[in-house]
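**Q**
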Amino acid sequence: MPPQPEDSNDFRAAQSCGTSVRATLTLADGKCCAGTVLELSQGGIVLELEGVSNAIAIGDKARVALTGECLSTPLLVNASVTSRSSRNDALVLQLVADDPRRLQASPTLRRRLSVRVAPRHDAPTLAELRPERDAAPVPARVLDLSRSGLRVEVELLDEGAIADCTRVHVRMLLASDPQPLEFVAEIRSRTLQGEHIQCGLQILLDQTEGREEVDRRLGRYVMARQVEGVLERKRSQAS
10 MPPQPEDSND FRAAQSCGTS VRATLTLADG KCCAGTVLEL SQGGIVLELE GVSNAIAIGD
70 KARVALTGEC LSTPLLVNAS VTSRSSRNDA LVLQLVADDP RRLQASPTLR RRLSVRVAPR
130 HDAPTLAELR PERDAAPVPA RVLDLSRSGL RVEVELLDEG AIADCTRVHV RMLLASDPQP
190 LEFVAEIRSR TLQGEHIQCG LQILLDQTEG REEVDRRLGR YVMARQVEGV LERKRSQAS
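So the mapping is simple: the working numbering equals the position in the sequence shown, first residue as 1, plus 9.
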């Protein structure tokens, strides 16, 4: 059963755009390079640049001009490079806007459903669900997640411990993140799949301690997996 995404505060280019959104980066030294926007999310931009060397460094500041048929005038955003990946003659950059409101306020960007990503096959993500913070944990495997929710799989017999719960405390360790994430979530759906139960969870940030940190780390992971997904697709197409 496909995941049911929940509303989020993420944004992307309007689907009504006739062509892809293009971007022109102007670096601090005046150098300009052009590319295609792969993702626009809350405060973040993922770009693919063709024929560009790795001279763009992590931490570099850039002025990004976004253009496209859905943009009556270019949208200018100041941002910093936070991630860089290369494949053949293409460079994929992740940038974080200095002022996220510049992206959110644009009338040409529409509110959208939260992007969901799946953990890497070689790095499964495990979680623990507890009806109360000090209760015995129910082990779960994360199938996919976003900044607003996740889909997990639990053993059929284990699900009985949370059968009467609508709210659970979640403890989850993301790949390459040394500290576990802990947050409160609402169980929105339960589906029998063979000998397992798949549960759809909505993250309740307003009931979570350190919610800004939880949201930041989830967003960082989701965007990193998006970049990895782009590179995986390019490798698949090249093979």
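C-beta atoms are modelled at their ideal positions from N, C-alpha and C, and glycine is treated no differently. Nothing here was measured: the structure is a model prediction, and the numbers come from that model.
#1: Counting pairs of beta carbons, one from the stretch 186-198 and one from the stretch 150-157, are three or more of them closer than 8 Å?
#2: With which residues is Cys208 paired in a DSSP beta bridge?
#3: Give a yes or no on whether the C-beta atoms belonging to Pro146 and Leu138 are separated by under 9 Å.
#4: Report the rounded CA-to-CA distance for Val46 versus Pro83, giving the unit in angstroms.
#5: Would you call the stretch 180-188 and the stretch 218-225 in contact, with 3 or more CB pairs under 8 Å?
#6: Thinking just about the alpha-carbon of each residue, which of Leu34, Gln103, Leu112, Val61 is nearest to the one in Glu237?
#7: Under 8 Å by Cβ, that's how I've got Val90 and Gly68 pegged, so tell me the actual separation to the nearest angstrom.
#8: Comparing C-alpha positions only, which one of Val177, Pro133, Val161, Arg156 sits nearest to Asp143?
#9: In the DSSP assignment, find the unbroken alpha helix (DSSP H) run with Ala144 in it and report its ends.
#10: Taking all protein chains shown into account, do 16 or more other C-beta atoms lie within 10 angstroms of the C-beta of Arg110, making it buried, or fewer, making it exposed?
#11: With distances taken Cα to Cα, identify the nearest neighbour of Asp107 among Ser94, Val86, Arg93, Val124.
#12: Looking at the secondary structure, which residues open and close the alpha helix (DSSP H) in which Leu240 lies?
#13: Please report the distance separating the alpha-carbon of Gln188 from that of Ser81.
#14: Looking at the unbroken beta strand (DSSP E) that takes in Lys70, where does it start and where does it end?
#15: Please go through the same chain and pick out, in chain order, the residues whose beta-carbon is closer than 6 Å to the beta-carbon of Gly228, but skip the five residues on each side of it.
**A** The relevant details are as follows:
#1: no
#2: The residue you call residue 208 lines up with position 199 of the sequence shown. DSSP, once it has assigned bridges, lists Val161, Arg199 as partnering Cys208.
#3: As a position in the sequence shown, residue 146 is number 137, starting the count at 1. As a position in the sequence shown, residue 138 is number 129, starting the count at 1. Their beta carbons are under 9 Å apart, which means Pro146 touches Leu138 by this criterion.
#4: Residue numbering aside, residue 46 sits at position 37 when the sequence shown is read from its first letter. Residue numbering aside, residue 83 sits at position 74 when the sequence shown is read from its first letter. Going by the C-alpha atoms only, they are around 13 Å apart.
#5: no
#6: Working through the sequence shown from its first residue, we reach residue 237 at position 228. Nearest C-alpha to Glu237: Gln103.
#7: Reading the sequence shown from its first residue, position 81 is the one you call residue 90. Reading the sequence shown from its first residue, position 59 is the one you call residue 68. Indeed they touch by this definition, with Cβ atoms about 6 Å apart.
#8: Against the sequence shown, residue 143 aligns to sequence position 134. The candidate whose alpha carbon is nearest that of Asp143 is Val177.
#9: Translated into positions along the sequence shown, residue 144 becomes position 135. Per DSSP, Ala144 belongs to no alpha helix (DSSP H) and is neither H nor E.
#10: Here residue 110 corresponds to residue number 101 of the sequence shown, with the count starting at 1. Exposed, because fewer than 16 other Cβ atoms sit within 10 Å of the Cβ of Arg110.
#11: What you label residue 107 is simply residue 98 of the sequence shown in a count that begins at 1. Considering only alpha carbons, the answer is Val86.
#12: Position 231 of the sequence shown, counted from the first residue, corresponds to residue 240. Here the alpha helix (DSSP H) through Leu240 covers 220-247.
#13: The count along the sequence shown starts at 1 and reaches residue 188 at position 179. The count along the sequence shown starts at 1 and reaches residue 81 at position 72. The alpha-carbon atoms of Gln188 and Ser81 are separated by roughly 44 Å.
#14: Position 61 of the sequence shown, counted from the first residue, corresponds to residue 70. Unbroken beta strand (DSSP E) run through Lys70: 70-76.
#15: For the purposes of this step, residue 228 is taken as the residue at position 219 of the sequence shown. So the qualifying residues of the chain are Arg156.
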